[in-house]
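Student: What follows is a single structure, and I will ask about it in a moment.
Residue numbers (full-length UniProt numbering): 1 to 769.
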């Protein structure tokens with residue numbers, strides 16, 4: 001369906017810019033290897049981390065702990081007021097929530113024992129690079145001014161320098177190494193959607209900031225970074241940086257410039273207009289693509305394990321897919337993003353398909369919404385929650401890779417929503433046993449309640465508002481169920497079945513082959529219920545509560561696949577676990593990444609892989625780089641068929657189940673398709689073509705609907721293999737899914753030879769029958 005919008009600024013005018021920008025960085029020092037960026041290509045890198053560090057991605061075996069770095073713990077007071085920083089913008093008491101508080105990387109290092117004892121296996125920190133560091137003023141109608149800072153890390157200023165409030169480059173390396181040495185992985189937040197606020201909406205949209213900087217460059221194009229990885233003044237002008245792009249003087253089309261989204265709820269509006277007046281990158285500009293890919297790879301090559309992308313709802317999916325492919329070509333890490341939706345949402349289908357379309361999974365907002373209404377305000381039932389667990393398992397292609405949560409920095413604290421610890425603990429127990437990768441927002445284990453649903457006030461300074469108590473029930477519960485996630489593959493890889501549910505009680509099962517976990521939950525704190533006889537996947541026998549009655553649980557007896565009845569007291573949660581004996585048949589549970597081109601490193605997870613497993617992508621053998629009985633490191637073979645492949649593992653003549661992997665046709669870049677086409681109400685235009693990225697002529701696998709901000713001209717950026725000639729056509733689909741093809745011969749185009757290149761097609765005219 002097409003709406004009339006203000007004329008789209010010429011996409012072709014911005015995207016054909018192909019500045020010969022070469023990003024290269026060369027420096028030496030402990031933990032740092034020389035590396036170079038040239039049109040987005042990065043040389044092989046081997047990080048100098050300790051021998052017991054981990055370079056594997058974050059998986060569904062892990063429990064993530066999310067930290068807003070400034071709001072956790074102040075381990076180094078010397079960086080509280082960096083050189084040149086306005087000291088009035090620092091608080092440190094935890095009372096002035098709009099200002100910096102002092103948390104830093106050394107503070108996280110200091111609290112690693114606390115995290116480790118909680119069973120945390122991955123830590124997600126705020127974006128590590130330099131942010132806007134000046135006062136942000138919001139003018140109120142009564143004449144008062146709210147003074148804000150970018151303490152959260154979402155207002156990038158310079159991708160190639162550290163946030164000095166958090167620490168130096170060497171301290172970032174120390175944090176990485178300390179986490180790895182303690183068996184924990186590192187995830188960094190990353191913003192590729194925008195810079196900082198370019199206009200002030202509270203001051204008649206007056207110009208404000210949004211500027212992007214980079215370090216000085218040497219004559220060979222490399223950045224001037226010293227032996228410690230810090231920028232220095234190479235050209236003698238008294239500065240260590242240079243202005244690269246300015247949304248208020250946008251000479252090279254680095255920003256979209258369509259203004260705030262406001263009430264524009266169209267797909268085009270979300271992807272092209274400013275989010276909260278933050279200067280929105282033009283991700284269809286090849287220079288922007290090259291720069292952003294280089295910035296992400298600069299950090300991802302440093303031995304991190306995961307990337308969380310901000311505001312993926314607002315990004316060009318073709319750019320996101322190319323970024324994913326570029327990063328994983330260098331080093332495969334877990335990549336997930338913030339596709340922020342409500343519930344119900346007209347963007348649910350777009351949200352569900354985003355991981356399939358881009359290879360970047362989602363923060364699970366559908367899970368969050370269901371949890372808030374079921375365990376928070378009790379406005380929905382346990383049956384509703386169970387229904388969500390079932391339909392998301394069907395709707396999400398890789399449901400065990402979605403990152404689940406009950407609160408985070410953008411939503412109210414769950415401790416405010418639910419102040420009774422019994423349903424709070426029940427919610428936490430479900431999070432930790434349900435499908436997905438559970439994420440614990442810092443302080444949740446301490447039942448933090450800021451006294452308001454304001455998510456900004458919820459970003460408490462934990463050092464001042466918590467004693468880091470290791471004896472709360474929530475803290476011990478996280479540890480106990482993190483251990484179960486490690487020991488029983490049913491939690492990490494299993495399918496979910498709801499065995500029983502009503503308004504207040506639910507019994508669900510996680511099952512991976514014969515490994516089984518059954519969880520019974522009563523959300524009501526003061527009412528008891530009896531669950532009638534149910535069928536379960538547990539062998540006959542008596543099972544003690546894995547939680548040891550921590551949440552009032554008891555043992556149960558299974559006879560001939562049935563439990564006669566289950567009595568549940570107020571707030572009770574029972575967890576009954578069964579681990580099957582190992583066999584010779586390999587069992588594949590998960591794969592990371594989920595798509596990539598030949599040569600991309602892939603991790604396969606499961607069990608019974610033996611000592612000399614072999615791997616196939618479809619019928620094509622892959623090289624096994626390393627393996628254990630539960631993990632295989634391999635690469636996408638060059639001869640694999642492009643498109644979906646069933647990946648299997650063979651051990652001692654026994655072959656596993658298959659798991660899907662999308663083999664891309666080559667390194668990805670963008671083609672922006674344009675067509676003028678008249679449509680009836682409810683019709684949309686799509687692109688279908690000869691390559692898998694265009695559905696291989698299968699109209700059920702074509703692109704998403706083209707965008708139409710200026711009817712009747714439609715356009716769509718699409719991720720395609722670089723340096724490839726292919727054929728395509730435009731098709732129409734009506735609201736019932738009926739397809740109308742163009743009558744003309746197949747059209748032909750060749751993509752850019754650059755992996756960050758962007759090609760604009762001519763504006764074609766629809767060929768009617």
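In this text, a Cβ means the ideal position worked out from N, Cα and C, and glycines have one as well.
Please state the DSSP three-state secondary structure of residue 670.
Tutor: strand
Student: What does DSSP give as the partner residue(s) for residue 578 in the beta ladder?
Tutor: 516, per the DSSP bridge assignment.
Student: To the nearest angstrom, how far is it from the Cα of residue 650 to the Cα of residue 619?
Tutor: In this model, residue 650 and residue 619 are separated by some 12 Å (Cα to Cα).
Student: Would DSSP call residue 423 helix, strand or coil?
Tutor: helix
Student: At the level of alpha carbons, what is the spacing between residue 387 and residue 629?
Tutor: Straight-line Cα distance between these residues: approximately 35 Å.
Student: State the DSSP-derived secondary structure class of residue 167, mapped to helix, strand or coil.
Tutor: coil
Student: Rounded to the nearest angstrom, how far is the Cβ of residue 668 from that of residue 720, given a contact under 8 Å?
Tutor: 7 Å
Student: Where does the unbroken beta strand (DSSP E) through residue 148 begin, and where does it stop?
Tutor: Unbroken beta strand (DSSP E) run through residue 148: 145 to 148.
Student: Once DSSP output is grouped into helix, strand and coil, what is the label at residue 184?
Tutor: Annotated three-state conformation of residue 184 is coil, per DSSP.
Student: Of the choices 233, 239 and 211, whose alpha-carbon is the least far from that of residue 255?
Tutor: The shortest C-alpha separation from residue 255 is found at 211.
Student: For residue 530, which residues of its own chain have a beta-carbon under 8 Å away from its beta-carbon, when the five flanking residues on both sides are left out?
Tutor: If we look at residue 530 and ignore the five residues flanking it on each side, its Cβ neighbours are 565, 566, 567 and 568.
Student: Are the CB atoms of residue 534 and residue 563 within a distance shorter than 7 Å?
Tutor: yes
Student: What are the residues that DSSP puts in a beta bridge with residue 717?
Tutor: 672
Student: Return the chain-ordered ranges of every beta strand (DSSP E) run that is complete within the UniProt domain "CBM20" (663 to 768) and spans a minimum of 3 residues.
Tutor: 668 to 676, 684 to 689, 707 to 710, 713 to 721, 725 to 733, 739 to 741, 747 to 750 and 758 to 765
Student: Note down the Cα distance separating residue 327 from residue 489, rounded to an integer number of angstroms.
Tutor: 28 Å
Student: Mind checking which residues open and close the beta strand (DSSP E) that includes residue 617?
Tutor: Residues 614 to 617.
Student: What residues in its chain sit with their C-beta under 6 Å from that of residue 368, if we drop five residues either side in the sequence?
Tutor: 405
Student: Please classify residue 141: is it buried, with 16 or more other beta-carbons within 10 angstroms of its beta-carbon, or exposed?
Tutor: exposed
Student: State buried or exposed for residue 163, treating a residue as buried only when at least 16 other CB atoms are found within 10 Å of its CB.
Tutor: buried
Student: At 3 residues or longer, and completely inside the region 323 to 373: list those beta strand (DSSP E) runs for me, N to C.
Tutor: 334 to 337
Student: When you compare the CB positions of residue 297 and residue 335, do they come within less than 7 Å of one another, or not?
Tutor: no
Student: DSSP three-state call for residue 291: helix, strand or coil?
Tutor: helix
Student: CA-CA distance, residue 553 and residue 459?
Tutor: Distance between the alpha carbons of residue 553 and residue 459: 33 Å.
Student: So, is residue 654 buried or exposed, given that buried needs 16 or more other C-beta atoms within 10 angstroms?
Tutor: exposed
Student: Measuring CA to CA, which of 293, 322 and 361 is closest to residue 313?
Tutor: Ranking 293, 322 and 361 by CA distance to the CA of residue 313 puts 361 first.
Student: Using the Cα positions of residue 264 and residue 709, report the straight-line distance between them to the nearest angstrom.
Tutor: 11 Å
Student: To which residues does DSSP link residue 840 through a beta bridge?
Tutor: Here the chain has residues from 1 to 769 only, and residue 840 is not among them.
Student: Is the beta carbon of residue 772 sitting closer than 7 Å to the one on residue 333?
Tutor: With the chain covering 1 to 769 only, the question about residue 772 has no answer from this structure.
Student: Counting Cβ pairs closer than 8 Å, one from the region 380 to 399 and one from the region 501 to 512, do we hit at least three?
Tutor: yes
Student: From this set, 580, 117, 639 and 585, which residue's C-alpha is nearest residue 600's C-alpha?
Tutor: 639
Student: Can residue 637 and residue 617 be called in contact, C-beta distance under 7 Å?
Tutor: Yes, the pair counts as a contact, with Cβ atoms nearer than the cut-off.
Student: DSSP beta-bridge partners for residue 129?
Tutor: 162
Student: Here's the rule I'm using: 16 or more other beta-carbon atoms within 10 Å means buried, otherwise exposed. How should residue 243 be labelled?
Tutor: exposed
Student: Would you list, in sequence order, the uninterrupted alpha helix (DSSP H) runs of no fewer than 4 residues that lie entirely inside the region 417 to 482?
Tutor: 421 to 433 and 462 to 465
Student: Would the beta-carbon of residue 279 fall within 7 Å of that of residue 198?
Tutor: yes
Student: By DSSP's criteria, residue 584 is part of a beta bridge. Which residues make up the other side?
Tutor: Looking at the DSSP assignment, residue 584 forms no beta bridge with any residue, so it has no partner.
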